[in-house]
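One line per chain: the protein sequences are A and B, in this order. Residues in the first sequence are numbered consecutively from 814, following the working numbering. Residues in the second sequence are numbered consecutively from 814, following the working numbering. Here's the structure we're looking at; comments come further down.
There are 2 protein chains.
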Amino acid sequence: MSEAKIILEEKEIPRAWYNIQADMPEPPSPPLNSVTQQPTVPDDLAAIFPPDLIAQEASRERWIEIPGEVLEIYRLWRPTPLHRAHRLEQALQTPAQIYYKYEGVSPAGSHKPNTAVAQAYYNKKAGIKRLTTETGAGQWGSALSIACRFFGLECTVYMVRVSYNQKPYRRSFMEVYGAQVIPSPSAETAAGRKVLADHPDSPGSLGIAISEAVEDAVQHGDANYSLGSVLNHVLLHQSVIGLEAKAQMAKADLYPDVVIACHGGGSNFAGLAFPFLQDKFQGKEVRAVAVEPTACPTLTRGQYLYDFGDTAGLTPLIRMYTLGHDFIPPGIHAGGLRYHGAASLVSKLYHDGYIEAQAYGQTEVFQSALLFAQTEGILPAPEAAHAIHAAVVEAAAAREAGEKRVILFNLSGHGHFDLTAYDDYLENKLNNITFSPEMQAESKKTIPKVE
Amino acid sequence: MSEAKIILEEKEIPRAWYNIQADMPEPPSPPLNSVTQQPTVPDDLAAIFPPDLIAQEASRERWIEIPGEVLEIYRLWRPTPLHRAHRLEQALQTPAQIYYKYEGVSPAGSHKPNTAVAQAYYNKKAGIKRLTTETGAGQWGSALSIACRFFGLECTVYMVRVSYNQKPYRRSFMEVYGAQVIPSPSAETAAGRKVLADHPDSPGSLGIAISEAVEDAVQHGDANYSLGSVLNHVLLHQSVIGLEAKAQMAKADLYPDVVIACHGGGSNFAGLAFPFLQDKFQGKEVRAVAVEPTACPTLTRGQYLYDFGDTAGLTPLIRMYTLGHDFIPPGIHAGGLRYHGAASLVSKLYHDGYIEAQAYGQTEVFQSALLFAQTEGILPAPEAAHAIHAAVVEAAAAREAGEKRVILFNLSGHGHFDLTAYDDYLENKLNNITFSPEMQAESKKTIPKVE
């Protein structure tokens, strides 16, 4: 039997990020200033982002060198292992070979530190003393807390109040690394005070927390804001996942027929898929599948329009698949996939037919998550379980077709902080909310008109 | 700068466990039947253990081959990485080189599966259908749940009731892998019913849970009992840790001056230290340090006597360092170190001067845990943090002495399920209970007389 893991040495960590903007047959539509409706200029972003990240956002360079200071952190857990899921294959009785890249070995337990570390570094380099951000379930806040500690930056995390109360362990985790965690809405910002004046008992939302974090950064010269997905530079930093995976598959003399990742804002999917799409642009046959929840089917049911990236309408207008910027996705356990939009780069590629999208319900996703845990051992995060389920579906199709397909998916994080979700599944308490015609009609109302 | 991790390939997983009984200058005193006070015979154990494990318990063979079926599971996460703690060294400004073996990459998050998988395999081979065990904080129950699932065995875990109520996530974790988790004391066993009759609201204890698990196994012919530390065969299985660490240090052309591990029942310490002691028996200079909590200082304050391994007095009499078999250690967060005794093999080596022991209080241990998390990234389990603290103390001594000592410790697990402990530390709520003269006087009362 072949090996269960394909390992790279530390010296094989990629030395440059892959920028798909260099190779896309058509560039994505530019972001627009929401007031002028003209393409944004770097100055529009200077109040909250450092120069290097603003430059990366618009860069067309194919390879962007990873700074030594970032590599020095990456090597604490990178390269991450590529596993062959022998035991899952046996359980599925499939002729397919299933591989998964495991990003849960990072100290934060997910792929998020790949960009958190880079963002902390570039902000430190720009003389910034503190980063602000929002977090819902806590994955992104955890990653940024660790990254800030590594570079000696302070970190302020606005955590959606209902999560702050329900997930005290996530808050403690961030505090271990020195972050200040503030339940949102808070009295610290005008945005928060306004919400509290109208709704003193507001449970908060990601949209409100973003508004607070951005306001905090804008109002303090030595503070910047940091975002964990959607933006081009975030997707860029995540390319280390796919670059390593390609090198690992090559060691086994293999190339995947299909690469699969879950899709929330797009950075996890892009991280795995974009380095393979580079080959696809040059004629290589490879499918790339983004997997989303039926409760928030941005790609499969959204529209390709200019819309705001945040609920409050503070961001530039971004052309993307969107369910409407004030669409509030139903409460599902894969909190990281509850985003109304999709990254501009992912949206363009989907629109132009280079990638596919699939949507699944919670129950079937958790069924595959349990099968995976019981065969491969690792308890997956609910977000990552969407990719597992799509891989299970592909493996069944390969069995039907009698084909030895090679399937690669991204296991983007572990589920050690998500056991409430597993409890609900085991007790048959999971809802299976699907995006309805009524939700669809409602979701489009506030999308702005762009000529 | 040298590498941050030393990695072995899958084919470098050890093919045999190291049995220190082959090399000890003096063998440990034999266990005694508690009724006859004569050395136990294999039949004494046949009601609850399979033949292969009973044979391993008494074996003097130096190398015991690891079955292929066990290796096939080990390779899901083994070999585990050996990290060089560059960033911790810098924070401590020490000339010492600090290395740590990280066992938290296993699906259960600790070193426990190294023996759980072996025990499940040998029981399956013996035709056993179900394993019973006890668990307190949940580390061991989690490991055995996963191992049983891998070999198609049922698993019944008697979980101390107060932990069952306080740590619902640990219970859910075990249930994901199909284990039946029963709060103890329960109405399922005579032992449990007896406790409940006298104390309907009993919070339970590890001693009661052991009694229930053993009774369940004894009364059902197709069920056996499984223990997560203390016994010779458990220590044997953990030797993969030290064997891999030796191979990894050799790749860096290094040999440790001191190896350090936390000590509860002894299997984690033995796992790292015994393969190095093999060299020490042949004249190599290497110190081995077992680290325990001041609240339960078995080695540093206990007596070397025959005593029971469990609270209820069901086990054979074992010659070991003990605080008395009905000593109830104060409630500290390192639940895995709250054991009144020490493994027979570890006790003998400590008595004969081959190993050292140190005891530390909770506050200083958590201080080092935070320093470690903030420099190396990984959030350590409270048990493992004892080893970290001892390594920090050694590194400071090396700085004082101006010596480039090589320090190796075992980071036996992560702390993802221990954030209540970190909360208490951050809020200055940790107690620092130390073993008092009164506790010492009380603890010896029930140690049986052996002629």
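Heads up, the beta-carbon is just placed ideally off N, CA and C, and yes, glycines get one too. These numbers were taken from a predicted model, which means no experiment stands behind them.
Backbone secondary structure at residue i - three-state DSSP
i, result
"B/A1266", "Any question about residue 1266 of chain B goes unanswered here, given that chain B covers just 814 to 1264."
"A/W890", "coil"
"B/K824", "helix"
"A/N978", "helix"
"A/K1258", "coil"
"B/A1093", "The sequence as given places Lys at residue 1093 of chain B; Ala does not occur at that position. Helix."
"A/E1001", "coil"
"A/V1072", "strand"
"A/D1014", "coil"
"A/S1181", "helix"
"B/P864", "helix"
"A/I1201", "helix"
"A/V854", "coil"
Given residue i as reference, the closest of the options once Cα atoms are compared
i, options, result
"A/Y1238", "A/Q1175, A/H1199, A/A1200", "A/Q1175"
"B/V1269", "B/G1228, B/A1086, B/R1212, B/G1148", "As displayed, chain B neither begins before 814 nor continues past 1264, which places residue 1269 of chain B out of reach and without an answer."
"A/E902", "A/A1209, A/S1225, A/A1234, A/F1248", "A/A1209"
"B/A1254", "B/P880, B/P844, B/C961, B/R1114", "B/R1114"
"A/F1082", "A/V854, A/E916, A/L1127, A/G1144", "A/E916"
"A/N1245", "A/I879, A/I1145, A/P892", "A/I1145"
"B/P998", "B/S1042, B/V1043, B/E825, B/T948", "B/T948"
"B/T1128", "B/D857, B/A1010, B/V1053", "B/D857"
"B/C968", "B/V989, B/Y982, B/Y977", "B/V989"
"A/Y1235", "B/Q993, B/L1150, B/Y982", "B/Y982"
"B/L1221", "B/L1184, B/I1073, B/F1140", "B/I1073"
"B/K938", "B/E1098, B/D865, B/W830, B/F1087", "B/D865"
"A/I886", "B/A817, B/T849, B/R891", "B/A817"
"B/S1052", "B/W890, B/Q1116, B/W830", "B/W830"
"A/R873", "A/A1214, A/S847, A/D836", "A/D836"
"B/V1102", "B/Y1167, B/A1022, B/Q1091, B/F1094", "B/Y1167"
"A/R1204", "A/L889, A/L905, A/P852", "Arg is not the amino acid found at residue 1204 of chain A; the sequence shown has Ala there. Taking only the C-alpha atoms, the option nearest A/A1204 is A/L905."
Cβ neighbours of residue i in the same chain (closer than 8 Å, five flanking residues each side left out)
i, result
"B/I861", "V1027, A1030, V1031, N1037, Y1038"
"B/I941", "P863, L966, D1035, A1036, N1037"
"A/K980", "A950, G951, F1230"
"A/E839", "K1161, D1165"
First through last residue of the alpha helix (DSSP H) which encompasses residue i
i, result
"A/F986", "981–989"
"B/I1062", "Sequence inspection shows Met at residue 1062 of chain B; the Ile mentioned does not correspond to that position. Unbroken alpha helix (DSSP H) run through B/M1062: 1052–1064."
"B/K1161", "1157–1164"
"B/E1028", "1019–1032"
"A/N936", "926–938"
"A/F963", "952–963"
"A/T1113", "1111–1114"
"B/L944", "Segment 943–948 is the beta strand (DSSP E) holding B/L944; no alpha helix (DSSP H) there."
"A/L1232", "1232–1239"
6 Å Cβ shell around residue i - same chain, five flanking residues per side excluded
i, result
"B/V1178", "A1198, H1199, H1202"
"A/D1120", "T1135, H1138, I1260"
"B/R1212", "T907"
"A/V1219", "Q910, L1067, P1069, D1070"
"B/A956", "A921, K925, P926, A929"
"B/L1009", "P998"
"B/G1077", "G1149, L1150, Y1152"
Residues near residue i by beta carbon distance below 7 Å, same chain, minus five either side
i, result
"B/N936", "P863, L944, L966, N1037"
"B/I820", "P894"
"A/G1122", "V1043, T1128, I1131, G1154"
"A/A1000", "R1006, L1009"
"B/I877", "A829, W830, N832, Q869, L1049"
"B/L1112", "H1076, A1103, E1105, Y1134, A1155, Y1163, A1170"
"B/E1216", "P908"
Closer than 7 Å: residue i CB and nearest the ligand MN heavy atom
i, result
"B/L1067", "This structure simply doesn't include the ligand MN, nor any ligand for that matter."
Run of the beta strand (DSSP E) containing residue i, from where it starts to where it stops
i, result
"B/R1132", "1130–1135"
"A/A829", "829–831"
"B/A1170", "1169–1173"
"A/I911", "910–915"
To be precise: take each residue of the stretch 918–935 of chain B, compare its Cβ to all Cβ atoms of chain A, and keep it if any distance is under 9 Å. Which residues remain? Hits within the stretch, in order: V918, S919, P920, A921, G922, P926.
At a CB distance below 8 Å, what residues from the stretch 988–1014 of chain B approach chain A? Give them in sequence order. Listed by position, the residues of the stretch 988–1014 of chain B near chain A (Cβ gap below 8 Å) are E988, V989, Y990, G991.
- Query: In the stretch 816–827 of chain B, which residues sit with their C-beta less than 7 Å from some C-beta in chain A, listed in chain order?
  - Reply: Answer in chain order: E816, A817, K818, I820, E822, E823.
**Request:** For the stretch 1129–1159 of chain A, enumerate the residues whose C-beta is nearer than 7 Å to any C-beta of chain B, in chain order.
**Result:** Listed by position along the chain: nothing, the set is empty.
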